[in-house]
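With mature numbering (1 follows the signal peptide of the UniProt record, and there is no 0) applied, the sequence shown covers -25 to -1, 1 to 562.
Backbone N, C-alpha and C fix where the C-beta goes; we use that ideal spot for every residue, glycine too.
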Amino acid sequence: MFRNQHHDLWFGLLALGCLVAAGVACPIVCQCVGMLFIYCDSRQISDSDLTRTISEIPTEATYLDLHGNILLSIQYDLLYNHKRLLYLDLSFNRLMEIVPNTFKFHDQMQKLYLHGNNLSVLYNNTFIGLTSLKELRLSDNQISVIEKFAFRGLSALSVLYISGNKLTTITVDTFVAFGGLTLLDLSHNAINYIQDNSFTNLIILQKLILSYNKVKSISASTLTGLNCLQELRLSYNTIESLHIYEFDSFRDSLKLVALDNNKIKMLNSDVFKRMINLERINLSFNELSQLGSNVFQGLQLEELLLQGNKLVEIQRNIFSGTTKISSLDLSQNTITKVYVGAFDSFAQTVFDIRLDGNQLKDILVGLFSNMNYLQSLNLARNYIMFIENGAFSSLKNLQTLNLSGNQMTSFAPSMLSGASNVKVLDLHCNPLNSFQGFKFQEDQNIKISLNLTVTDITHESARVTWPYKDGSQIYWSLELTCLYLDSVNCTFQGRYTTLPPYKVDAVIGDLSPMSRYYICVNPAFVSTKIELHQCGTIVTQSAGLSITDVSPVTVAKPSTSTAVFHYSMYSCIIVPGMLILKHVFNL
């Protein structure tokens, strides 16, 4: 059998070679694979070159790539002799218009790419004749007008991209020709009005993308007829409210709804009712201050994103009946209290919870009960001062715990009782003054903050001192990153240096005036992955400025079982004649 396949392949290559030897036509500016695949992309082909180029292309060609040239127009009869084309790519040219009937004789074509041009109007009968076309790309043009019969004849079309244009209105006539469309991308336009029943004919549409427009509201009739819709994206609009009947047409089919970055202030309790297949909801960055009672009741959600709203409390029954959530994002709200039991319904399925950027002050026993599969818990940037012993006792599979940027003054092993598999514990930017009694494992990564003193700053150098004075032979790594300030760029974007043992300071040179640098100095432990981050900011000026009145701070030696240290970390900002020290934790 292998011999027969090898025999056929050999004869195929021989036949191709004979065709080439016989002088099969191929334009000199193009690359041809046999007579079928013609690549004329990015060759600076202009309108004046195109007629000759097309005349040299074999009429048997099925694939023609002309993208990335400088074409301004296409003559309506230019491709008359190339009726076998299945694929035509005219993207990223400078086409101003497509003359009606240009593709009248191309009833075999399946893919037509016109994105990245300068089209402004789609005229009636622009695509007439393309009865087999399955995919049409019109994105990133200047289209503001679609005439009533522009899409006439596209009965087989299943995918239409028309994003990145200047459409403002969708009417009942816009998509009347599409009965087989499964994907419609209208994102990045300026759509502010969608006439009722505009999508009625799209009975098998599965994915509708309306993100990055100016849609203010969705009525019950706006989305009528979308009985098979699985994915609805309305991100980055100006929608203020959702009503009960807006999703009626596709309650049984919808799997994903993206409504992030709108202006939604509240959710009616019934808005997602009976959406038995809904798996993902994104409501991030709206203006939600409260959620309707049982708004997610009975949903089979796997991912729920509520980041960046104005939620203050998470009540016990908010997630009642949602038993399959694996990822929950409540970060960047103003949450002061999460009631014990709020997460109970999905305790056995959740892998990732984000509560960072809120206003929580304490973590009590019971809040994370029975979460046997939770792997990542982010509580960073709250006001947490107290963690009750045993609060994490159920988190047997927790691997990452982020408590950075809180108000904790101490951390003891009892706080992690039961969470025996934590690999990454992030405590940096807390006012810690003790960290005692821990026995770290080789594969644990502990992140803690110390203080860094920057002195003797001039227009081109600075001295950095770090608080470690016991003379232990420990290597330090110094990282300097350019952040840019004003219009002058730093001379480099990043620098990494390993310093000799016993070093407790370093002079950094070759700095640029009027530039901002971010510097971190970290110790290199052999027996564990403790990271004592010591970071600060250096801002140089046009004139030299010497600062010598800031004293270094001494701390005890961190070991694999105990670390006690001063908590301050300072950011130095230099202005002419003045040194301003800002406490990082209070920024």
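Quiz item: Going along the chain, which residues of its own chain have a beta-carbon closer than 8 Å to the beta-carbon of N99, five neighbours each way excluded?
Solution: P75, E122, K123, F124, A125, R127
Practice problem: Give me the Cα-Cα distance between L132 and H81, rounded to the nearest whole angstrom. | Solution: 14 Å
Self-check item: Expected contact under 8 Å - CB spacing of T101 and I73 to nearest Å
Solution: 5 Å
Practice problem: Entirely within the segment 56 to 103 and at least 3 residues each: give me those beta strand (DSSP E) ranges in chain order. | Solution: 62 to 64, 86 to 88
Quiz item: Under the rule that 16 or more other beta-carbon atoms within 10 Å means buried, what is V8, buried or exposed?
Solution: exposed
Quiz item: For the beta strand (DSSP E) that S302 lies in, which residues bound it at each end?
Solution: 302 to 304
Quiz item: From L229, D223, L263, N236, pick the residue whose C-alpha is nearest to that of L242; which is it?
Solution: L263
Practice problem: From the DSSP output, in three-state form, read off M390 for me. | Solution: helix
Exercise. Could you tell me whether the segment 286 to 295 touches the segment 246 to 261, where touching means 3 or more Cβ pairs closer than 8 Å?
Key: no
Quiz prompt | In DSSP terms, what A481 is bridged to | solution = V439
Quiz item: If we ignore side chains and look at the alpha-carbon of each, how far apart do L87 and L108 end up?
Solution: 8 Å
Self-check item: Counterpart residues of residue 563 in DSSP-defined beta bridges
Solution: Residue coverage of the chain in this structure runs from -25 to 562, which leaves residue 563 outside it and unanswerable.
Quiz item: Three-state secondary structure (DSSP) at R27?
Solution: helix
Quiz item: What residues match up with Y168 in a beta bridge as DSSP calls it?
Solution: T144
Practice problem: Quick one: residues in its chain with C-beta nearer than 6 Å to the C-beta of Q275, no 5 flanking neighbours on either side, listed in chain order? | Solution: K299
Quiz item: Distance, Cα to Cα, V399 vs I328?
Solution: 15 Å
Quiz prompt | Sequence-distant residues of the same chain with beta carbon closer than 6 Å to S379, five excluded per side | solution = A355, D401, H403, C404
Exercise. Look up Y14 in the DSSP assignment and give the residues it is bridged to.
Key: Q6, D40
Practice problem: Count the other C-beta atoms from every protein chain shown that fall within 10 angstroms of the C-beta of A(-1), then say buried if there are 16 or more, exposed otherwise. | Solution: exposed
Quiz item: Short check: CB of L47 to CB of L70, under 8 Å?
Solution: yes
Self-check item: For F361, the three-state DSSP class (helix, strand or coil)
Solution: strand
Practice problem: Could you tell me if Q307 is buried or exposed, where buried requires 16 or more neighbouring beta carbons within 10 angstroms of its beta carbon? | Solution: buried
Exercise. Consult DSSP for S295 and reduce its assignment to one of helix, strand or coil.
Key: coil
Quiz prompt | Pick from P388, L305, S368, M360 that is closest to G341, judged by C-alpha positions | solution = S368
Quiz item: For D401, which three-state DSSP category applies?
Solution: strand
Quiz item: From L266 to D337, what distance separates their C-alpha atoms?
Solution: 23 Å
Self-check item: Identity of the residue in I137, L373, S224 nearest S162 by Cα
Solution: I137
Quiz item: Around the C-beta of H90, are 16 or more other C-beta atoms found within 10 angstroms, so that it is buried, or is it exposed?
Solution: buried
Practice problem: Could you check what DSSP says for D245 in three-state terms: helix, strand or coil? | Solution: coil
Quiz item: Considering only the beta carbon of each residue, do L253 and V232 sit closer than 8 Å?
Solution: yes
Quiz item: Does DSSP classify D319 as helix, strand or coil?
Solution: helix
Exercise. Taking only runs that begin and end inside the segment 151 to 222, name each unbroken alpha helix (DSSP H) of 4 or more residues, in chain order.
Key: none
Quiz item: Any idea which residues DSSP pairs N333 with across the strands?
Solution: Answer by DSSP bridge pairing: none, since N333 is not bridged.
Quiz item: So N257 is in the beta strand (DSSP E); what residue range does that whole segment cover?
Solution: 255 to 257
Quiz item: Do I29 and L60 have their C-beta atoms within less than 8 Å of each other?
Solution: no
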